[in-house]
Amino acid sequence: EPEVTQTPSHQVTQMGQEVILRCVPISNHLYFYWYRQILGQKVEFLVSFYNNEISEKSEIFDDQFSVERPDGSNFTLKIRSTKLEDSAMYFCASSGTSGGQNEQFFGPGTRLTVL
Amino acid sequence: KNQVEQSPQSLIILEGKNCTLQCNYTVSPFSNLRWYKQDTGRGPVSLTIMTFSENTKSNGRYTATLDADTKQSSLHITASQLSDSASYICVVSAGAGNNRKLIWGLGTSLAVNP
Numbered sequence: 011e012p013e014v015t016q017t018p019s020h021q022v023t024q025m026g027q028e029v030i031l032r033c034v035p036i037s038n039h040l041y042f043y044w045y046r047q048i049l050g051q052k053v054e055f056l057v058s059f060y061n062n063e064i065s066e067k068s069e070i071f072d073d074q075f076s077v078e079r080p081d082g083s084n085f086t087l088k089i090r091s092t093k094l095e096d097s098a099m100y101f102c103a104s105s106g107t108s109g110g111q112n113e114q115f116f117g118p119g120t121r122l123t124v125l
Numbered sequence: 061k062n063q064v065e066q067s068p069q070s071l072i073i074l075e076g077k078n079c080t081l082q083c084n085y086t087v088s089p090f091s092n093l094r095w096y097k098q099d100t101g102r103g104p105v106s107l108t109i110m111t112f113s114e115n116t117k118s119n120g121r122y123t124a125t126l127d128a129d130t131k132q133s134s135l136h137i138t139a140s141q142l143s144d145s146a147s148y149i150c151v152v153s154a155g156a157g158n159n160r161k162l163i164w165g166l167g168t169s170l171a172v173n174p
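Protein chains in written order, with our numbering: chain V, 11 to 125; chain F, 61 to 174.
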């Protein structure tokens, strides 16, 4: 069964460093998403991406964040200068459609720890 | 303000027992309501998706109900198993067309004990 994959599973970094989180969405999907979940808190939407551009972003997704689809398979989230409060689980998701029931399939997540 | 509230916050039951988790929402315009299961340290996995016109939907031992008038949903788990231990998250999709967003609840943490 096709699934969304994410690497690395755990990333530890120093405050101020840049990190890139990688995702491989399901191959025939067209819509891609990043979410984050701070420990003990709700899942929060960061950004959605379609047709090689951002379709929507939340207020969390400030200038420190960027997304890219560098080739036909990978979808990346870059944090330019990490802060302690960026420590969270980051989930990538993909869906085949935006309309209708828009079922999103989630990856296993990357746990980011900023020291 | 769009929001999703779930109860109870946590629940402990014995293996084989049934349980019901609750979700109340104030979301407009409503598109659909989803229940996800999230194992510790893993991504959410969809259990059910219900539109406005559906008032019950089953997926194996999971049965979700939706009352669009009272803006309430429940997830009933029958004959619980140890593997049902997880967080169950109610998520409501708001908006229309390509302008939809998911409003997430905090989840109910379920522990099934032998």
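Note that beta-carbon positions come from the ideal geometry of N, C-alpha and C, so glycine has one too.
For Q21/V, the closest of F59/V, I70/V and Y100/V by C-alpha to C-alpha distance is Y100/V. Between P12/V and the set I36/V, T23/V and Q27/V, the nearest pair of CA atoms involves I36/V.
Annotation: Cβ neighbours of F101/V in chain F (cutoff 7 Å, chain order): G103. Taking a C-beta cut-off of 7 Å against chain F, the contacting residues of the segment 48-60 of chain V are K52, V53 and F55, listed in chain order. Non-local C-beta neighbours of S97/V in its own chain, meaning closer than 7 Å and more than five positions away in sequence, comprise L122, T123 and V124, ordered along the chain. As the crow flies, the alpha-carbon of Q82/F is around 14 Å from that of T108/F.
Under the Cβ criterion of 7 Å, G117/V is counted among the residues facing chain F. Close partners of E69/V in chain F (Cβ separation under 8 Å) are lacking, with about 12 Å as the shortest Cβ gap. Scanning its chain for C-beta atoms nearer than 7 Å, with the 5 sequence neighbours on each side dropped, one finds around E114/F the residues L126, in chain order. Residue range V105 to T111 is occupied by the beta strand (DSSP E) that includes M110/F. Taking the beta carbon of E113/V as reference, the chain F residues within 9 Å of it are R94, S106 and I109, listed in sequence order. With at least 16 other beta carbons inside 10 angstroms of its own, G165/F counts as buried.
In the three-state reduction of the DSSP assignment, S67/F falls in the strand class. Under the three-state reduction of DSSP output, L94/V falls in the helix class. Selection V87/F, V105/F, Y96/F and Y148/F evaluated against G155/F yields V87/F as nearest (Cα-Cα). Q16/V: member of the beta strand (DSSP E) spanning T15 to T17, first to last residue. Secondary structure of D72/V (DSSP, three-state): coil. In the three-state scheme derived from DSSP, where H, G and I count as helix and E and B as strand, S143/F is classed as helix.
In the three-state reduction of the DSSP assignment, A128/F falls in the coil class. Around the beta-carbon of R90/V, fewer than 16 other beta-carbon atoms lie within 10 Å, marking it exposed. With a contact defined as Cβ atoms closer than 8 Å, L162/F and V151/F qualify at about 5 Å. Think of a sphere of 8 Å around the beta carbon of G165/F: the chain V residues whose beta carbon falls inside it are K52, in chain order.
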